[in-house]
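In our numbering, the protein residues as written are 281 to 420.
Even for Gly, the Cβ is constructed at its ideal location relative to N, Cα and C.
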């Protein structure tokens, strides 16, 4: 039975160096605590947007045929939600609550992410930032 492993050797090494192991664990915990206190908190607000079909379809005259019901471009909605024109409108709407560095469109755009939901007619828009109230206002 040469294949058996003797764990007593490893146990003796661990017991002999227990102070070093405990000290390294304590130092690591203290460093992690200090780093967590020094980091600025980051908040994320998410808004769920539902795209629905129009309730009414306009028909001018019965002699003019209406187009058959078209498929909505669901895959384009997340990209449209992050378009420059829409984000400029958001910037003007919440302009008084923006930080000075957020007045640049590319910096402001980095705070946003959009993805399609489980149902393709849903778009999940997320905004990140350091002020929870401001992030919530921008997402809404």
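The beta strand (DSSP E) enclosing residue 409, as first and last residue numbers:
In the chain shown, residue 409 corresponds to position 129, counting from 1. Taken as a continuous stretch (DSSP letters only), the beta strand (DSSP E) holding residue 409 covers 402-409.
Find the nearest neighbour of residue 409 within the set 419, 361, 394, judged by alpha-carbon distance.
On the chain shown, residue 409 is found 129 positions in, with the first residue counted as 1. It is 419 whose Cα lies nearest to the Cα of residue 409.
Residue 362 by DSSP, collapsed to three states: which one?
Stepping through the chain shown from its first residue, residue 362 is reached at position 82. The answer is coil: DSSP assigns residue 362 none of H, G, I, E or B.
With C-beta atoms as the reference, is residue 401 less than 7 angstroms away from residue 393?
Here residue 401 refers to the residue found at position 121 of the chain shown. Here residue 393 refers to the residue found at position 113 of the chain shown. Residue 393 is positioned such that its CB atom lies no closer than 7 angstroms to that of residue 401.
How should residue 317 be labelled, buried or exposed, when 16 other C-beta atoms within 10 angstroms of its C-beta is the threshold for buried?
Residue numbering aside, residue 317 sits at position 37 when the chain shown is read from its first letter. Residue 317 is exposed by the Cβ-count criterion.
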